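A short write-up of the structure that comes next.
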Amino acid sequence: MKRRGEPHIFSVRQVLGLILLCFMTTAISTARSTQRHASNENAMNASEIIEHWLQQIERIPAGDFIAIADFETFNSGARTESMQWCETMLSQAANPYAPPNHASHSYHPAGKIGLDLLHHAYVLDGSSVDIFEGVNFLIVRLPAPRTGAWDRASIEAAAKLMLRAINPGETEAFHYPSNMADGTLMSTAPMQDPFLTTSWFQREDMLLHHGKLFIVLYKRQPAIVGFQNDAQWFEDELRTVPKH
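With this note's numbering, letter number 54 in the sequence shown gets 82, and the count goes up by one each step, no holes.
Here you go:
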């Protein structure tokens, strides 16, 4: 019997039980946080998801992107994933990693803006191309064509130039509305919920936004349900901003 004032001595079984309880509590808390993130994006339709991403990207000052002098030495798993997704979803000519494009690369670790982002910039067919890439998406931004405002012909040409053809020799079948006004969303599968897709080619979107054309591709994999956390793509080491 323990006397009053004596320290309580835990058995090995009790200590292991406490450790297991702490582990389970942490795991449940993390799972609930991830579930809340997935639920928030699942509650949005495609237009709202795209608008959410674009609004965050547009709020990032250009100076907040950190230049990557040598992408071969960029120490992140995001580098390998990016190279795989660009090769999978973009045409060979539009791949920012293709040597002829001489693309510049930079990154933005999530902070006030909750996006871990890679930014690729290069010139293709005489037009500037910007690609913003996160853990869940690859977004191509194209300026207005030299002929003037975007129309169906120029949009189809841009899609053919940028996107990898699933069926060689064929152009992706986007649904084009009669009115090509600012804010127009075009999709290969407008009734398909991007949250529920299991492959990137099940839905591809294009959006006219402030005179520019945005091509939105979803990084979807069969083994992953829903979207991943936009702010958890990079390793912690990349969150320490280097001094200039």
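Backbone N, C-alpha and C fix where the C-beta goes; we use that ideal spot for every residue, glycine too. If you're wondering where the values come from, they're calculated on a predicted model, not measured in any experiment.
Contact under 8 Å by Cβ, residue i with residue j
i	j	result
S134	F160	no
A186	L166	no
F6	L235	Summary: the structure shown does not reach residue 6, with the chain confined to residues 29 through 272, and so no result is reported for it.
D158	D258	no
R192	T226	no
I233	A74	Reading off the sequence shown, one finds Asp at residue 233, where the question assumed Ile. It is a contact, given that the beta carbons lie within the stated cut-off.
S110	L146	yes
M117	L245	yes
I141	I88	yes
A126	H148	no
P128	C114	no
S155	L266	no
Endpoints, beta strand (DSSP E) assigned at residue i
i	result
L82	Element bounds for L82: not the beta strand (DSSP E) but the alpha helix (DSSP H), 74-86.
M214	213-215
A95	94-96
L266	No beta strand (DSSP E) contains L266, which DSSP labels as neither H nor E.
F165	165-170
Rounded distance between the beta-carbons of residue j and residue i, thought under 8 Å
i	j	result
I77	P218	Between P218 and I77 the Cβ distance is about 14 Å, and since that is not below 8 Å, they are no contact.
M208	W178	6 Å
A122	L189	6 Å
G239	A172	5 Å
T216	F202	6 Å
V163	Q256	5 Å
Chain B within 8 Å of residue i, Cβ atoms only
i	result
V151	The chain inventory of the structure shown lacks chain B, comprising one protein chain alone.
Requested in this report: Only counting runs of 3 or more residues, tell me where the beta strand (DSSP E) segments fall wholly within the region 174-208, in order along the chain.
Outcome: Restricted to the region 174-208, not a single beta strand (DSSP E) segment is unbroken, complete and at least 3 residues in length.
Query raised in the report: Between the region 126-145 and the region 254-268, do at least 3 Cβ pairs fall closer than 8 Å?
Result: yes
Requested in this report: Enumerate, from N- to C-terminal direction, the unbroken beta strand (DSSP E) stretches of 3 or more residues contained entirely within the region 102-163.
Outcome: Entirely contained in the region 102-163, the beta strand (DSSP E) runs reaching 3 residues are, in chain order, 132-136, 145-152, 155-161.
Query - Continuous beta strand (DSSP E) assignments of at least 3 residues falling wholly in the region 223-261 - result: 232-237, 240-246
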